[in-house]
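First the structure, in the form of structure tokens, and then the observations on it.
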DNA sequence: CTTGACTCTGCCGTCGGCGTGAAGGTCTAG
DNA sequence: CTAGACCTTCACGCCGACGGCAGAGTCAAG
């Protein structure tokens, strides 16, 4: 498929897809005309890329680890082996830390909101969001809400999640 | 206290604290010499600010919601009321979404790492990090690992966590 | 008084993942 | 053949939370 279709099927913009190629994340073939030609596996690859980007990994790191995707079982002790594995573990730890920070921030927001909650809450999109009881923590909150009514130019931005706080 | 002490006690740099003031997040008093003078509550405030910043809220939003901190009970239906509450709910939803994305990314990393795990894993800092069993998901993972051996200039960076992916 | 640590106000630099044209080829339905 | 949709390669712009530096003033101790 060509770049437009891949874009439609992944939610990325053509510009983003070219950027991914420039960063070595994708290596589509070329038609004699210069047009990029993508294959089916690229759809999954782009989804993976976007997931990792959204988690704050930069393109360089992703470029190193992406080759371990196409089949579920990678190529033995090949590219996924040396200190690269250490980098992976570090990224994993970073993600976990970030999740903790997010949880803390959400709890803080809940504490601030907790006071009152007029009917206007329903204007905030869908999903109740606020803490139902006004005392202890509500452990549920299913997450993954609806598209969250954003009216920005194109609703497909990403924007990484960097976080190296020490906060002792 | 002066800016240096507040910096030491919060992990922020003096530069960051001035920036927070510039953004209206802090309003320290001034000595006749021009030196900023902070109070004890500012310590908690800075921690809150950093928590929210690390969660991806921008300074403008934080400036609106921070006045609801000093006492646990805010000032009734005062500033924490109108469509501001809607904004809060939106931010809350964003955070929850982001947590989902992080979980997805971590699962992806686990899938990539899952193949083999030589002894070199211990080089990645501490915390096993990798999935112990090679099949189903490991629901535990306590998070909040050690300081995560980073040797950067000053180990106190933040860096927000933006994420507006649609990813249908 | 002097020294050294601390603080002040500008102001420019940075970094990553794209957005957004501009100027020009390619493809395909009618 | 032609229009219009799609594609190509530059190349600059942006944004937010600071980092870092310069030049100058302040403060406490010896």
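Chains as they are written, first to last, in the working numbering: chain A, 7 to 174; chain B, 7 to 174.
Just so you know, even glycine gets a beta-carbon here, dropped at the ideal spot from N, CA and C.
Proximity winner among the options, relative to residue i (alpha-carbon distances)
i: residue 40(A); options: 91(A), 104(A), 99(A) and 8(A); result: 8(A)
i: residue 16(B); options: 44(B), 62(B), 110(B) and 114(B); result: 44(B)
i: residue 60(A); options: 116(A), 30(A), 37(A) and 105(A); result: 105(A)
i: residue 69(B); options: 26(B), 118(B), 117(B) and 22(B); result: 26(B)
i: residue 23(A); options: 38(A), 94(A) and 65(A); result: 65(A)
i: residue 117(B); options: 91(A), 107(A) and 117(A); result: 91(A)
i: residue 95(A); options: 46(B), 164(B) and 115(B); result: 115(B)
Beta-carbon proximity of residue i to residue j, cut-off 8 Å
i: residue 48(A); j: residue 12(A); result: yes
i: residue 51(B); j: residue 32(B); result: yes
i: residue 42(A); j: residue 34(A); result: yes
i: residue 19(A); j: residue 107(B); result: no
i: residue 67(A); j: residue 30(A); result: no
beta-carbon residue i near the ligand FMN non-hydrogen atom, thresh 7 Å
i: residue 108(A); result: This structure lacks the ligand FMN; in fact it carries no ligand of any kind.
Per-residue burial, residue i [other beta carbons within 10 Å of its own, 16 or more giving buried]
i: residue 54(B); result: buried
i: residue 38(B); result: exposed
i: residue 62(A); result: buried
i: residue 89(B); result: exposed
i: residue 28(B); result: exposed
i: residue 74(B); result: buried
i: residue 164(A); result: buried
i: residue 97(B); result: buried
i: residue 174(A); result: In this predicted model, residue 174(A) has a pLDDT of only 39, less than 50, meaning its place in the structure is not dependable; the value taken from the coordinates is given anyway. Exposed, by the Cβ-count rule.
i: residue 171(A); result: Summary for residue 171(A): the model assigns pLDDT 41, below 50, so the residue's position carries little reliability; its value from the coordinates is reported in the next sentence. Its Cβ being crowded by 16 or more others within 10 Å, residue 171(A) is buried.
i: residue 14(B); result: exposed
(message) Across the stretch 95-102 of chain B and the stretch 109-119 of chain A, are there enough close Cβ pairs to call them in contact, namely three or more that are closer than 8 Å?
(response) yes
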